[in-house]
Each structure stands twice: as structure tokens, then as C-alpha cells.
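From first to last, the protein sequence lines stand for chains S and Z. With the working numbering, you'll find the first sequence wraps up at 288, consecutive numbering, no jumps. With the working numbering, you'll find the second sequence wraps up at 288, consecutive numbering, no jumps.
Protein chains: 2
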Amino acid sequence: MQTMRIEDEIKQPVFKDEYQKGLINLVYTAGWLQQQQAAAFREFDITLPQFNILRILRGQHPKPATVNLLIERMLDKTSNASRIVDKLEAKSFVTRTVCPSNRRAVDIRITDSGLELLQRMDASVDLHHGLKTLTLEEAQQLNTILDKIRD
Amino acid sequence: MQTMRIEDEIKQPVFKDEYQKGLINLVYTAGWLQQQQAAAFREFDITLPQFNILRILRGQHPKPATVNLLIERMLDKTSNASRIVDKLEAKSFVTRTVCPSNRRAVDIRITDSGLELLQRMDASVDLHHGLKTLTLEEAQQLNTILDKIRD
DNA sequence: TGCAAATATATGTACATACATTTAATGTTG
DNA sequence: CAACATTAAATGTATGTACATATATTTGCA
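Listed below in C-alpha cells is the structure:
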């Protein structure tokens, strides 16, 4: 398949300049990638934000994480970690206990069932890593440019 | 201010490779840009998807658009245009009338009030075009790489 | 013509986001 | 130590997303 330029994808042939085009292209491509990932997750009955939180908890395991720690590590800082943990708790992939040393905080831990889910997903998700069409040099250029955007 | 690498932003110092890092960086940066835009829109009491639909309608004006046309032109193809039009209609920025030549379809038109809103926003939104930290060459590289990702 | 398939939009439900507010526990300070 | 501020998490409300289904209209064709 040939490269589909962003102009064709959204049927708006004219952009004011390369910057406006880049902005729209970036948001569009990120959404496209997230949809690819969400589709891969569907068979595991889990969403992308839920998966991201599970991975953070696995990184901490066997230490617990608090909601604050999850928010710090999450890609989208403003999202509502508390309610995503609700869903994971309902599926028994995490546990919540009051933190003994600070009773305002909550210790969140991944369960064996959660660890087992991530193991099953590791094999599958790696296949869809999304940027496989790029050369290594292009991937490096991309990272440099993206970091610069957020200056 | 100095460049904040993605490793520092999300406090996960190790990525498997440049591809995994690029994927996370891309999603993170797109979300960051969208939040910047949403903040600029807040004072106008409008959301990003609502703004995007209004711009499409201005592009068609004075011809009407159907829901199908909006979906074709929208960045996120799967989103629910019908309900976003609901919100814009409630604010009197658009009108909905049954299409005379095809009574299944709905003619959606931007109102004078909607056009006036966009005019007020044009000045403000242009200031936050987001990629202004890049050189022209970097913006071009970015567009080339993003198009290639979606191959 | 009549009836099934296709089309255009709307609606239902579950989940997530964005922002403000609430509740409870802990710190601070006069 | 009591009053007030701060912190951690949860909750309320509006919006949007994702996917399935429903409703109405039009098209196609036997």
C-alpha cells in the first residue's frame, strides 16, 4: 500500500503552512495509533488506560502504588486514575487497601490474575508496535522533534 | 526552558528501543497539544470537537453539510458527529433541517452566531499553533515521518 | 408493485476525560 | 491543643468515544 498523505485522509487539500499541517497530522496519527492498540486490547476485555495502569503496577510489584503515583506516571496526567482503578478492581486485577502509614492514601497492588493477564498480552501487543514502518534514524528524528515541540 | 525528554515527563527512564519510545512520545505529545488547545477554547465555551465541526461547516457555507460529510472530514472518523451537532444546535451555532432531496439526511448549516464565534476565535487560536518551536525543516520531517507511520 | 437490502441518522450503554466539589486524614501554627 | 490549611482520594456533572442497535427513508430487483 502506498503512503496516504494527511491531505487525503481528511479530504482537506490545503493547509496554511507546514506547521498547521504538522499539528493536525500529529493529532490524527496519535489517534490512529491508539485505535490500533485499542483493537488489539479488545479481545482481552481491557482498555488502553486500564492496561497502562496495570503496567505501572507491575513495575512497582510487589510494592504498592498510590493513586498519586499512578497519576504521576500516566501519559495523560489529568485523567481520573481513581475510576480506572475501580474497573480494574471489579475485574480482580488489582486490590485496594488503606495505606497503614498514611490513612488518607490507598495502597494499590496488582494481583496474580493481573500479572497473568499482562503476560498473556505481552506476546500479542508486541506484534503491533506501530512504528515498525520507520527506519531507526527516522524513529530517532521523531523523538527529537517531539521533545522539541513540548519545550 | 530546556527540553524535557519524554523519559523525564513520565518518569520511566528505560524504553525497550527507539520505536517504543517514539510510540509513547507521539501519543503523549498529541495529548499535550490537545490540552493546550482545549485550554484556549475554554473561554469561548466550546470544545475541540465542536470547534472542528464548526470549521468544516464554515468551509461549506452557505451550502449545508450532512452528518456523513462531517464524519468524512473529521479527524477522528469514529466519533459521534450527531451528538456533537446536538450541542452546537443547543448553543444556536448551527441549524438542522431535513434535506429536501433525501429525507433520510439532515442539512446542517452554521448560523451567523457560529460564524461570529469563529471570527472571534481565529485571532486567539492562531497564537497557540503549537509547533512554533520547530524549524520549517523539522516540521517537514515530522510530516514525512507521520505519513509513513500510517502506511 | 412489493419486499429485502442499503443508506442516513439517532439512540443506548459502557468507558474515559475534564473540571469542580466533597470527605477524610494529616500538618501547621498561633 | 484548637483552628485552619493542605493533602489524598472519591464523587458529581457535562462532554466525548466506541460499538451495537434502532428507526426511517430510499433503492434495487424479482
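Built from N, CA and C at the ideal position, the CB exists for glycine as well.
**Study point:** 8 Å Cβ shell around R233 of chain Z - same chain, five flanking residues per side excluded
**Key:** Here the question's residue 233 of chain Z lines up with position 96 in the second sequence. Within the same chain, Cβ atoms closer than 8 Å to the Cβ of R233 of chain Z are found at V222, E226, V243, D244, I245, the five residues on either side in sequence being excluded.
Point to revise | Limits of the alpha helix (DSSP H) - the one that I282 of chain Z falls within | key: Within the second sequence, the letter at position 145 stands for residue 282 of chain Z. Residues 273 to 286.
Review point. Is there at least one Cβ from chain Z nearer than 8 Å to K158 of chain S's Cβ?
Key: Here the question's residue 158 of chain S lines up with position 21 in the first sequence. True, the Cβ-Cβ gap to chain Z drops below 8 Å.
Point to revise | Interface residues of the stretch 238 to 261 of chain Z facing chain S [CB-CB below 7 Å] | key: none
**Study point:** Neighbour flag for T166 of chain S against chain Z, beta carbons, 8 Å
**Key:** Residue 166 of chain S sits at position 29 when you count from the first residue of the first sequence. Taking Cβ atoms only, chain Z reaches closer than 8 Å to T166 of chain S, which makes this a yes.
Check your understanding: Taking DSSP as the reference, what is the three-state secondary structure of T232 of chain Z?
Key -> For the purposes of this step, residue 232 of chain Z is taken as residue 95 along the second sequence, with counting starting at 1. The answer is strand: DSSP assigns T232 of chain Z an E or B state.
Check your understanding: Between the beta-carbon of T166 of chain S and the beta-carbon of L283 of chain Z, is there less than 8 Å?
Key -> Working through the first sequence from its first residue, we reach residue 166 of chain S at position 29. Working through the second sequence from its first residue, we reach residue 283 of chain Z at position 146. Closer than 8 Å, so yes.
Review point. Under three-state DSSP, which class holds D244 of chain Z?
Key: For the purposes of this step, residue 244 of chain Z is taken as residue 107 along the second sequence, with counting starting at 1. Residue state, collapsed to three classes: strand.
Exercise for review: Output the boundary residues of the alpha helix (DSSP H) element that contains K158 of chain Z.
Suggested key: Residue mapping note: residue 158 of chain Z aligns to position 21 of the second sequence, counting from 1. Taken as a continuous stretch (DSSP letters only), the alpha helix (DSSP H) holding K158 of chain Z covers 155 to 179.
Check your understanding: Listing by chain order, which chain Z residues have their CB less than 8 Å from the CB of I161 of chain S?
Key -> In the first sequence, the residue the question calls residue 161 of chain S occupies position 24. Result: L212.
Check your understanding: Would the beta-carbon of L273 of chain S fall within 8 Å of that of L163 of chain Z?
Key -> If you number the first sequence from 1, residue 273 of chain S lands on position 136. If you number the second sequence from 1, residue 163 of chain Z lands on position 26. No, the pair does not count as a contact, with Cβ atoms beyond the cut-off.
Point to revise | CB contact check: N217 of chain Z to chain S, cutoff 8 Å | key: The residue labelled residue 217 of chain Z in the question sits at position 80 within the second sequence. Not an interface residue.
Point to revise | Rounded straight-line distance, which links the Cα of R142 of chain Z to that of R192 of chain Z | key: Counting from one through the second sequence, the residue named residue 192 of chain Z turns up at place 55. Counting from one through the second sequence, the residue named residue 142 of chain Z turns up at place 5. Taking the straight line from one Cα to the other gives about 34 Å.
Point to revise | Counted within 10 angstroms of its Cβ, other Cβ atoms place V231 of chain S as buried (16 or more) or exposed | key: What you label residue 231 of chain S is simply residue 94 of the first sequence in a count that begins at 1. So V231 of chain S counts as buried.
Check your understanding: Does the stretch 204 to 219 of chain S come within contact of the stretch 175 to 192 of chain S, defined as at least 3 CB pairs closer than 8 Å?
Key -> With a cut-off of 8 Å, the stretch 175 to 192 of chain S and the stretch 204 to 219 of chain S count as touching, because enough Cβ pairs lie within range.
Practice item. Taking L225 of chain S as part of the alpha helix (DSSP H), name the residues at either end of that continuous run. Key: To locate residue 225 of chain S, count along the first sequence from 1; it is residue 88. Looking at the DSSP string, the run of the alpha helix (DSSP H) that includes L225 of chain S is 218 to 227.
Practice item. For L194 of chain Z, verify whether its CB is less than 7 Å away from any heavy atom of the ligand HEM. Key: This structure simply doesn't include the ligand HEM, nor any ligand for that matter.
Practice item. Kindly list, in the order they appear in chain S, the residues whose Cβ is closer than 7 Å to that of R142 of chain Z. Key: As a first step, residue 142 of chain Z is located in the second sequence; it is residue number 5 there, counting from the start. Residues of chain S passing the Cβ test: D284.
Review point. Applying the criterion that 16 or more other CB atoms from any shown protein chain within 10 Å of the CB defines a buried residue, is E180 of chain Z buried or exposed?
Key: Along the second sequence, one-based indexing puts residue 180 of chain Z at 43. Exposed, because fewer than 16 other Cβ atoms sit within 10 Å of the Cβ of E180 of chain Z.
Exercise for review: Taking all protein chains shown into account, decide if T199 of chain Z is buried (16 or more other Cβ within 10 angstroms of its Cβ) or exposed.
Suggested key: Position 62 of the second sequence, counting from 1, holds the residue named residue 199 of chain Z. For the record, residue 199 of chain Z in the displayed sequence is Pro; it is not Thr. Classification of P199 of chain Z: exposed, given that the 10 Å Cβ count is below 16.
Practice item. Taking only beta-carbon positions, decide if I233 of chain S is within less than 8 Å of chain Z. Key: Your numbering for residue 233 of chain S matches position 96 in the first sequence. Inspection of the sequence shows that residue 233 of chain S is occupied by Arg rather than by Ile. So no, R233 of chain S is outside the interface.
Check your understanding: So, using beta-carbon positions, are G159 of chain S and L160 of chain Z closer together than 8 Å?
Key -> Residue 159 of chain S sits at position 22 when you count from the first residue of the first sequence. Residue 160 of chain Z sits at position 23 when you count from the first residue of the second sequence. Cβ atoms of G159 of chain S and L160 of chain Z: not closer than 8 Å.
**Study point:** Candidates Z:R195, Z:G168, Z:Q172, of which the one nearest E253 of chain Z by Cα
**Key:** Position 116 of the second sequence, counted from the start, is the residue given in the question as residue 253 of chain Z. The shortest Cα separation from E253 of chain Z among Z:R195, Z:G168, Z:Q172 belongs to Z:R195.
Exercise for review: Using a Cβ cut-off of 7 Å, pull out every chain S residue sitting near Q278 of chain Z, in sequence order please.
Suggested key: One-based indexing of the second sequence puts residue 278 of chain Z at position 141. The answer, in chain order, is Q278, I282.
Check your understanding: According to the neighbour-count rule (16 or more other Cβ atoms, all chains shown, within 10 Å of its Cβ), is R257 of chain Z buried or exposed?
Key -> Position 120 of the second sequence holds residue 257 of chain Z. Label assigned to R257 of chain Z: exposed.
Review point. Ends of the alpha helix (DSSP H) at F152 of chain Z?
Key: Residue 152 of chain Z sits at position 15 when you count from the first residue of the second sequence. Segment: none, F152 of chain Z is in no alpha helix (DSSP H) and carries neither H nor E.
Point to revise | Selected residue, minimal CA-CA separation from T203 of chain Z, among Z:K153, Z:S238, Z:Q277, Z:D154 | key: Residue numbering aside, residue 203 of chain Z sits at position 66 when the second sequence is read from its first letter. Nearest option by C-alpha distance: Z:S238.
Check your understanding: Which chain S residues sit within Cβ distance under 9 Å of L194 of chain Z?
Key -> Residue mapping note: residue 194 of chain Z aligns to position 57 of the second sequence, counting from 1. Residues of chain S passing the Cβ test: none, with the nearest at roughly 13 Å.
Check your understanding: So which residues of chain S does T270 of chain Z contact, with C-beta pairs closer than 9 Å?
Key -> Within the second sequence, residue 270 of chain Z is the residue found at index 133, counting from 1. What T270 of chain Z touches in chain S: K285, I286, R287, D288.
Practice item. Have a look at S:R220, S:D259, S:R240 and flag the residue whose alpha-carbon is nearest the alpha-carbon of A177 of chain S. Key: The residue labelled residue 177 of chain S in the question sits at position 40 within the first sequence. Comparing Cα positions, the closest option is S:D259.
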